[in-house]
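Reading through the structure tokens given below for one structure.
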Amino acid sequence: MKVLLIIIFTIASIASFWQFLRSKYKLSPLLLMLSAWFIAIAISQLHLSSLELIWPIKYWYLIFVSLASFVLGVIFVDKVVIPTDKEKLTNSLGMTDTQKLRLIIYFLFAISLVALYFFYKKAGNFPLFAKDPDAFRFAADDQVPGLINYCAQLARIFIPLSFFLIFFQTFSWKKHWNLVFFSLIGAGSLILFTSRTQIFFIDLWVMALYLLMRKPNFKQAIKFYPFFLAVSIVVLAAVPLIRQYRSYGADYLGHITGINIASGNQIAKAFLPIYVGISFNQQALLRAENYYQTHELLYGRVSLDPFTNLLGKIIKPLNKFKSHYDLGAIFYSWWNTGTYLFPFVQDFGTAAFYFVPFIIAGILTLVWRYWESSPNFLSLNLYAYAMFFIVMTVYLSFTVRAEMYIDLALLFVSYFFVSKNEG
Numbered sequence: 203m204k205v206l207l208i209i210i211f212t213i214a215s216i217a218s219f220w221q222f223l224r225s226k227y228k229l230s231p232l233l234l235m236l237s238a239w240f241i242a243i244a245i246s247q248l249h250l251s252s253l254e255l256i257w258p259i260k261y262w263y264l265i266f267v268s269l270a271s272f273v274l275g276v277i278f279v280d281k282v283v284i285p286t287d288k289e290k291l292t293n294s295l296g297m298t299d300t301q302k303l304r305l306i307i308y309f310l311f312a313i314s315l316v317a318l319y320f321f322y323k324k325a326g327n328f329p330l331f332a333k334d335p336d337a338f339r340f341a342a343d344d345q346v347p348g349l350i351n352y353c354a355q356l357a358r359i360f361i362p363l364s365f366f367l368i369f370f371q372t373f374s375w376k377k378h379w380n381l382v383f384f385s386l387i388g389a390g391s392l393i394l395f396t397s398r399t400q401i402f403f404i405d406l407w408v409m410a411l412y413l414l415m416r417k418p419n420f421k422q423a424i425k426f427y428p429f430f431l432a433v434s435i436v437v438l439a440a441v442p443l444i445r446q447y448r449s450y451g452a453d454y455l456g457h458i459t460g461i462n463i464a465s466g467n468q469i470a471k472a473f474l475p476i477y478v479g480i481s482f483n484q485q486a487l488l489r490a491e492n493y494y495q496t497h498e499l500l501y502g503r504v505s506l507d508p509f510t511n512l513l514g515k516i517i518k519p520l521n522k523f524k525s526h527y528d529l530g531a532i533f534y535s536w537w538n539t540g541t542y543l544f545p546f547v548q549d550f551g552t553a554a555f556y557f558v559p560f561i562i563a564g565i566l567t568l569v570w571r572y573w574e575s576s577p578n579f580l581s582l583n584l585y586a587y588a589m590f591f592i593v594m595t596v597y598l599s600f601t602v603r604a605e606m607y608i609d610l611a612l613l614f615v616s617y618f619f620v621s622k623n624e625g
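Quick note: the sequence shown uses the numbering used here, first residue 203, plus one each step.
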């Protein structure tokens, strides 16, 4: 039965992704969402760890309820909310001031270098070079102000913006050598923080931009995507392995999860973090749903954490709205991520499976149709960003991370700066 489920959901994922690329509803957030969740379901059925619970019927039901809710959200916004002339195309990409965009990239690059210096001065090192990268990362969060921490990793923004400019103008070494140089420096600086999510974020954003801007045929795609896929795989495998080896020694992840891998099987060891990330995030969601059947719900406080944590330092009364929960009581104390639904389950319990995907689907559909009807600097980058969010819904509760809201604010500010006035 397990093998059959894996085969069925893997085929469903491939079919959904093919439809995402080629069907009438090409590049729809619905098809990408289904593809991401179907492959996550397939991978999770391997149950390689004795710590993983077998999915009960109720959890299967809730997962399909969430997917059905997402489908309804897309259909409702697409058919009811958006006006009927949504297909009318207004290409305003040419209204982008490329010189101003270069200035933004240069500015973000310079700010990141300054922030990297201050990070080093305050923390004394970078996670990659620390004896215990994991412990150092948590200590640095306390030692280094959040704004410096964020700005030190601004490569997550200026690298995709550099590629936007390259795709917009068609690459040439004469015009874009400095953008390539900035991107290489930026990628190296992000690796210092041993965060595979940051690198994968850039990878997906850039790949999505290429798809949205160039609309490549198969021959073009085969020249471009393998390099970025290779980077994704290498970084997703290498970064956690380096971090875990330096922090905990060899085979830590296999030991703590109870997954046995032969010592000589380096390929399986390399992909173990990816499997654990996907499958254990489903386990976290399952256990959260069970936990909040008998424990007090947080009624929106978790979802508001990015704002109350920041503004609470200035407006003290807001601190009473901060969430307080014991993650170790919900799941394992060493596991601190979940799917995009995890924080909403903490806030609203089982009801989150019914209404949250509907709302998220509506927002993503608006962004999708905005890009389709008016491809411009903002719509292209917003939807490329949305594609990252959709893929990572199986892996990360991104809505409770403050950087998402700062990223989006930067995109909006940049758009107003680089937009040319008509006439």
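Yeah, the Cβ is synthetic: ideal placement off N, Cα and C, and Gly gets one too.
Note to self: Quick check: the Cα distance between arginine 445 and tyrosine 454, rounded to an integer number of angstroms?
What the structure shows: Working through the sequence shown from its first residue, we reach residue 445 at position 243. Working through the sequence shown from its first residue, we reach residue 454 at position 252. If you take the alpha carbons of arginine 445 and tyrosine 454, they lie about 10 Å apart.
Notebook entry, point to check: Going by Cα to Cα distance, which pick from Arg416, Leu580, Ser505, Leu264 is closest to serine 616?
Noted result: As a position in the sequence shown, residue 616 is number 414, starting the count at 1. Ranking Arg416, Leu580, Ser505, Leu264 by Cα distance to serine 616 puts Leu580 first.
Check: Can you give the Cα-Cα distance for leucine 413 and glycine 390, rounded to whole angstroms?
Finding: Along the sequence shown, one-based indexing puts residue 413 at 211. Along the sequence shown, one-based indexing puts residue 390 at 188. Computed Cα separation, rounded: 25 Å.
Notebook entry, point to check: Does the distance from the CB of isoleucine 259 to the CB of phenylalanine 211 come in under 8 Å?
Noted result: Translated into positions along the sequence shown, residue 259 becomes position 57. Translated into positions along the sequence shown, residue 211 becomes position 9. Contact: no.
Check: Contact between the region 558-569 and the region 257-274: three or more CB pairs below 8 Å?
Finding: yes
Note to self: Using C-beta distances below 6 Å, list every residue in its chain close to glycine 460, excluding the 5 sequence neighbours before and after it, in chain order.
What the structure shows: Numbered from 1 along the sequence shown, position 258 holds the residue referred to as residue 460. Counting only Cβ-Cβ distances below 6 Å, and skipping sequence neighbours, we find Ser251, Ser252, Leu253.
Next item on the list: Evaluate the contact criterion for the region 492-501 versus the region 544-556: three or more CB pairs, one atom per stretch, below 8 Å.
Entry: yes
Notebook entry, point to check: On the premise that glutamine 371 lies in contact with glutamine 400, defined as a C-beta separation below 8 Å, what is that separation, rounded to the nearest angstrom?
Noted result: Taking the sequence shown and counting its residues from 1, one reaches residue 400 at position 198. Taking the sequence shown and counting its residues from 1, one reaches residue 371 at position 169. Glutamine 400 to glutamine 371, Cβ: 26 Å. No contact.
Notebook entry, point to check: If you follow the alpha helix (DSSP H) that threonine 673 is part of, which residue opens it and which one closes it?
Noted result: Residue 673 lies beyond the residue range present for the chain, which begins at 203 and ends at 625; the question has no answer from this structure.
Next item on the list: Tell me whether the beta-carbon of arginine 448 lies closer than 8 Å to the beta-carbon of aspartate 334.
Entry: Reading the sequence shown from its first residue, position 246 is the one you call residue 448. Reading the sequence shown from its first residue, position 132 is the one you call residue 334. Yes, the pair counts as a contact, with Cβ atoms nearer than the cut-off.
Item checked: C-alpha distance - tyrosine 534 paired with isoleucine 480, whole-angstrom precision -> Counted from its first residue, the sequence shown places residue 534 at position 332. Counted from its first residue, the sequence shown places residue 480 at position 278. So the two alpha carbons sit approximately 15 Å from each other.
Next item on the list: Would you list the residues sitting across from serine 621 in a DSSP beta bridge?
Entry: Counting from 1 along the sequence shown, the entry for residue 621 is found at position 419. Per DSSP, Thr298.
Margin query: Please state the DSSP three-state secondary structure of leucine 645.
Written below: The structure shown has nothing for residue 645, since the chain only spans 203 to 625.
Notebook entry, point to check: Is the Cβ-Cβ distance between alanine 238 and isoleucine 592 less than 8 Å?
Noted result: Start at 1 with the first residue of the sequence shown, and residue 238 comes out as number 36. Start at 1 with the first residue of the sequence shown, and residue 592 comes out as number 390. Cβ distance < 8 Å, so alanine 238 and isoleucine 592 count as in contact.
Checklist line | From Phe219, Thr595, Ser294, Leu381, residue whose alpha carbon lies closest to that of asparagine 623 | finding: Within the sequence shown, numbered from 1, the residue matching residue 623 stands at position 421. For asparagine 623, the nearest C-alpha among the options comes from Ser294.
Checklist line | Exposure of serine 268, with buried meaning 16 or more beta-carbon neighbours within 10 Å | finding: In the sequence shown, counting from the first residue as 1, residue 268 sits at position 66. Buried: at least 16 other Cβ atoms inside 10 Å.
Check: So with Cβ pairs under 8 Å, would you call valine 273 a contact of chain B?
Finding: Checking the listed chains, one finds no chain B in this structure; it contains a single protein chain.
Item checked: Sufficient close CB pairs (3 or more, under 8 Å) joining the region 409-426 to the region 360-369 -> yes
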